[in-house]
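Just so we're aligned, residue 0 is where the sequence shown starts under numbering that gives the first Met the number 0, counting upward by one. All residues carry an ideal CB built from backbone N, CA and C; glycine is no exception. This report concerns only the one structure given below.
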Amino acid sequence: MSRTELVRTHALTPRGRRRIVIGALLTVLVAMTALASTATAGHRPQATKHHHAKPTIVLVHGAWADGSGWNDVIKRLQRAGYPVRVPPNPLRSLPGDSATLKSFIATVPGPLILVGHSYGGAVITNAATGDPDVKALVYVDAFAPEKGETIFALTGADSALAGDPTTLFDFVPYPGGPDGDVDLYLKENVFLTSFANGVPTRKAKELYATQRPFALSVGSQESGEPAWRTIPSWYLLGTRDRIITPEAQRFMAERAGSTIVRVRAGHLSLISHPDAVAKLIVRADRGTR
Numbered sequence: 000m001s002r003t004e005l006v007r008t009h010a011l012t013p014r015g016r017r018r019i020v021i022g023a024l025l026t027v028l029v030a031m032t033a034l035a036s037t038a039t040a041g042h043r044p045q046a047t048k049h050h051h052a053k054p055t056i057v058l059v060h061g062a063w064a065d066g067s068g069w070n071d072v073i074k075r076l077q078r079a080g081y082p083v084r085v086p087p088n089p090l091r092s093l094p095g096d097s098a099t100l101k102s103f104i105a106t107v108p109g110p111l112i113l114v115g116h117s118y119g120g121a122v123i124t125n126a127a128t129g130d131p132d133v134k135a136l137v138y139v140d141a142f143a144p145e146k147g148e149t150i151f152a153l154t155g156a157d158s159a160l161a162g163d164p165t166t167l168f169d170f171v172p173y174p175g176g177p178d179g180d181v182d183l184y185l186k187e188n189v190f191l192t193s194f195a196n197g198v199p200t201r202k203a204k205e206l207y208a209t210q211r212p213f214a215l216s217v218g219s220q221e222s223g224e225p226a227w228r229t230i231p232s233w234y235l236l237g238t239r240d241r242i243i244t245p246e247a248q249r250f251m252a253e254r255a256g257s258t259i260v261r262v263r264a265g266h267l268s269l270i271s272h273p274d275a276v277a278k279l280i281v282r283a284d285r286g287t288r
């Protein structure tokens, strides 16, 4: 019996089939490990000739929210032919959240546009620093901090968050955090009247029920070197925002040299005005081609 016949006969046995399956799995695992090592080393995978010509839009949510808040924006961008990714934001520490996003975008072929809402703006400000594949930053009712600044200090004097913390938040301890740290949940009246103003009441109540907490310690952590110093930016400013006041937004946007577009909306313009958000992202893409 020839070698080829022996191999074929062996492959038909249960043991032979198992070896074939195990061999295939090992090949896949080796390939996945190599890809992970490349991303960890900071080498973004190269786009192939089949990769979409348009940049990938990476949407980053903020505090008391999750990625689903971008749903209507995602639909519009995908209809326009953009690849979109919405990684979860841990909401645990500004350096850690920024590092998490930086690791994620290292696995996405460039070019990229990073879009941050609220606290997500601070995250993209830190995560994009030094990344040549990030072509634009888009801020949506968002923080755009300078080096050394903290989030809570940038909300504005008339912000709904500037009041007595015991009337604003429910405090929930969480395991494994720094001593004395707690998760902050917005109280229902604050959420409905200030965080989600301009959103239909039924939808606002759903968002309140599903809010993701924000660690107290994050609000006082200093931001790093801002990406907006070297990357062009666009800013959607909500003129009825009660969380980050319009004045505070304008100050940050002008300092960053952002192209500013105003919209008559509260803090959740990504939900109440998804057309305006999507159009600004497309404008940022066209402005950096």
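Runs of beta strand (DSSP E) wholly within the segment 241 to 280 (minimum 3 residues, chain order): 258 to 262
Cα-Cα separation, L191 to Y207: 7 Å
Residue from D178, G61 and D182 with nearest C-alpha to D96: G61
Sequence-distant residues of its chain with Cβ nearer than 7 Å to L269 (five each side left out): G68, W69, V72, H116, V139 and V276
Neighbour-count burial assignment, S219, 16 or more Cβ in a 10 Å radius: exposed
Neighbourhood of A203 by C-beta distance below 6 Å, restricted to the same chain and skipping five residues each side: L191 and A195
Contact test: L76 Cβ vs the ligand NAD heavy atom, cutoff 7 Å: For the structure depicted, the ligand NAD is absent and the ligand set is empty, with no information on it obtainable.
Per-residue burial, F170 [other beta carbons within 10 Å of its own, 16 or more giving buried]: exposed
The alpha helix (DSSP H) enclosing T124, as first and last residue numbers: Y118 to A126
Inside the segment 160 to 234 only - beta strand (DSSP E) runs reaching at least 3 residues: 168 to 172 and 181 to 185
Under the three-state DSSP convention, the category R84 falls into: strand
Span of the alpha helix (DSSP H) around I104: L93 to I104
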